[in-house]
Amino acid sequence: MSADLATYIRDTKQHLRGLQDVKAAFNSVREAMLREVDTIAENDAQGRPNIPEVNYADVQAGRVPAATVDAIRRTGTAIVRGVFPKAQAESWNAELGDYIAENDYLAKQKEKAGMDKYFSQLKAGAPQIYGLYWSKPQVMARQAESMAATKSFLNRLWDVDGPMGDEFDPDMDYAYADRTRRREPGDTTLGLSPHMDSGSYERWVDPAYQRIYGAIYEGHWQDYDPWKATFRTQTREYASPAVCSMFRTFQGWTCLTPQGPEDGTLRVIPSAKGIAYMLLRALQDDVADDDLCGAQPGRALSCSPDWHQDILNGLVSIPLVEPGDTVWWHPDVVHAVGDEHHGKDYANVIYIAASPKCAKNEAYARKQAEKFLAGESAPDFAAENYEVDFKGRATLDDLTELGRAQMGF
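Numbering-wise, our numbering puts 219 at position 194 of the sequence shown, and it's gapless, one number per residue.
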């Protein structure tokens with residue numbers, strides 16, 4: 026960390042500590058989170074679901090129960106089942122495997138190892154994520170009408186009203202080209218320890234983030250609304266390979282193979298307000314003045330046993346999901362990837378987030394479109410550029426009318 030950044034952090038912490046009694050506020054948050062974590066752990070032990078589930082048919086028909094919507098807002102998580110037919114997802118999985126093999130990706134990847142450092146601070150290292158963005162299965166899944174309808178449903182969980190008009194258009198998404206995970210059965214080395222994306226130290230020092238979390242910083246954290254979109258599209262993240270510079274209402278992925286609790290897949294702390302604990306923890310007296318519980322520029326924001334054990338007891342696995350199901354989580358939800366894959370088959374996904382139309386996302390989409398045409402890595406990620414000469418990658422001719430709009434063409 027540079028001396029300038031250390032000074033900036035010290036000054037920011039002094040300012041934030043002066044807005045309220047941060048010790049009393051943290052104690053209040055901690056007590057609330059301990060109760061919430063106890064409920065999560067009890068549900069998990071009793072086999073009761075912690076993550077709300079929705080059938081895509083109900084999304085399509087507009088009949089998702091109000092109680093389910095409330096549960097998604099409370100937990101910041103959702104599983105939408107059957108967004109794609111199982112056979113379609115299985116076909117994409119096979120096609121993606123062929124794309125990797127025919128273009129000798131694994132050999133080329135070894136030559137460029139170490140370019141992506143985003144997860145380097147996390148205890149378990151980097152999962153088996155492939156730096157591919159433009160395979161036809163990835164592009165087809167992003168531009169599917171069923172995916173667009175699912176994202177619209179999720180985007181509409183947010184309050185988009187802002188002082189200058191709507192913060193974003195919930196019914197139009199820009200594609201965010203992300204990678205794919207193909208985790209081998211038996212793997213024990215490729216997990217991701219608990220973390221948040223979309224900003225690390227920025228959550229304390231960035232002016233827009235300070236406005237987003239104003240209720241937390243100003244002494245009335247109970248009034249914080251994680252679904253209020255105001256200022257969310259104005260945040261500015263530290264530029265670094267694999268730091269998302271789009272605004273995502275939900276992070277997410279599409280399942281290509283069956284996977285569940287023992288398969289080295291997603292784990293979450295299902296609490297949309299858990300961010301209040303993370304923010305106030307860093308302002309306590311036992312944390313150095315130039316430290317934010319280990320937050321580093323250009324890195325994932327770690328939720329660690331050293332600082333955050335109270336809420337880590339609420340980390341639970343997603344239930345068994347099938348090919349064609351989708352999994353979603355709020356950008357402020359702590360998540361992880363299980364250290365060990367005890368299953369017998371690959372645990373494969375395509376990362377597809379919800380990134381609605383707004384000025385911030387449009388600016389990124391236009392830069393991304395140029396990368397797509399050239400077959401280069403998406404702008405947010407390390408410039409590995411594997412696909413420039415790959416056979417069978419998607420081109421402009423493969424985009425539907427909706428796909429072209431989502432890419433900013």
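Positions of the beta carbon are idealized from the N, C-alpha and C atoms, including for glycine. Note that the structure is a prediction, hence the values are computed from the model and not measured.
Query: In the DSSP assignment, find the alpha helix (DSSP H) that holds Pro232 and state where it starts and stops.; Result: 232-237
Query: Smallest Cα separation from Pro322: which of Tyr81, Trp229, Arg42, Ile104?; Result: Trp229
Query: According to DSSP, simplified to helix, strand and coil, what is Pro381?; Result: strand
Query: My understanding is that Asn180 touches Pro195, with C-beta atoms under 8 Å, so please give their C-beta distance in whole angstroms.; Result: 4 Å
Query: Would you kindly work out how many angstroms separate the C-alpha atoms of Tyr130 and Tyr155, rounded to a whole number?; Result: 9 Å
Query: Report the three-state DSSP secondary structure of Asn52 (helix, strand or coil).; Result: helix
Query: Leaving aside the five residues before and after Gly339 along the sequence, list all residues of the same chain whose C-beta is less than 6 Å from its C-beta, in chain order.; Result: Val62, Ile65, Ile294
Query: Mind listing, in chain order, the continuous alpha helix (DSSP H) runs of no fewer than 4 residues lying wholly within the region 318-391?; Result: 330-337
Query: Alpha carbon to alpha carbon, how far is Met38 from Gln235?; Result: Note that residue 38 is Lys in the sequence shown here, rather than Met. For Lys38 and Gln235, the distance between alpha carbons rounds to 12 Å.
Query: Is the region 207-224 in contact with the region 360-369, if contact means three or more CB pairs nearer than 8 Å?; Result: yes
Query: Going straight from the alpha carbon of Ser116 to that of Ile377, what length do you get?; Result: 18 Å
Query: Report the option in Val105, Asp231, Ala254 whose CA atom is closest to the CA atom of Asp191.; Result: Ala254
Query: Residue range of the beta strand (DSSP E) that Asp196 falls in?; Result: 194-198
Query: For Thr175, does the three-state DSSP call read helix, strand or coil?; Result: helix
Query: My output table needs one value for Thr258: the three-state DSSP class, helix, strand or coil.; Result: helix
Query: Starting from Ser218, trace the alpha helix (DSSP H) both ways and give me its first and last residue.; Result: Careful: Ser218 lies outside any alpha helix (DSSP H), inside the beta strand (DSSP E) at 217-221.
Query: Could you check if Asp222 belongs to the surroundings of the ligand GDP, using beta carbon to heavy atom distance under 7 Å?; Result: Of the ligands one can find in the structure shown there are none, so the ligand GDP has no counterpart to examine.
Query: Look up Ser160 in the DSSP assignment and give the residues it is bridged to.; Result: Arg418
Query: Touch check for the region 72-86 and the region 43-59: three-plus C-beta pairs under 8 Å?; Result: no
Query: Would you report the Cα separation of Ala403 and Asn128, rounded to the nearest angstrom?; Result: 19 Å
Query: Report the rounded CA-to-CA distance for Ala301 versus Ile336, giving the unit in angstroms.; Result: 11 Å
Query: With a 10 Å radius around its C-beta and 16 neighbouring C-beta atoms as the bar for buried, classify Asp203 as buried or exposed.; Result: buried
Query: Any idea if Leu308 is buried or exposed, counting beta-carbon neighbours within 10 angstroms, 16 or more meaning buried?; Result: buried
Query: With C-beta atoms as the reference, is Thr282 less than 8 Å away from Pro348?; Result: yes
Query: If the criterion is Cβ atoms closer than 8 Å, does the pair Asp212 and Gln134 meet it?; Result: no
Query: Pull up the distance between the alpha-carbon of Asn68 and that of Thr102, whole angstroms please.; Result: 15 Å
Query: Can you tell me whether DSSP reads Ile104 as helix, strand or coil?; Result: strand
Query: At the level of alpha carbons, what is the spacing between Ala372 and Gly187?; Result: 40 Å
Query: Which whole-angstrom value is the C-beta distance of Leu427 and Ala173, which I expect to be below 8 Å?; Result: 6 Å
Query: For Asp36 and Leu30, I'd like the C-alpha separation in whole angstroms.; Result: 10 Å
Query: Using the Cα positions of Val89 and Ala200, report the straight-line distance between them to the nearest angstrom.; Result: 25 Å
Query: Can you tell me whether Ile154 is helix, strand or coil according to DSSP?; Result: strand
Query: State the beta-bridge partners of Lys253 as determined by DSSP.; Result: Asp184
Query: With DSSP run on the structure shown, which of helix, strand or coil describes Gln276?; Result: strand
Query: Given this structure, state the Cα-to-Cα distance separating Tyr158 from Gly244, to the nearest angstrom.; Result: 43 Å
Query: Alpha carbon to alpha carbon, how far is Ser342 from Met432? Give it in angstroms, no decimals.; Result: 33 Å
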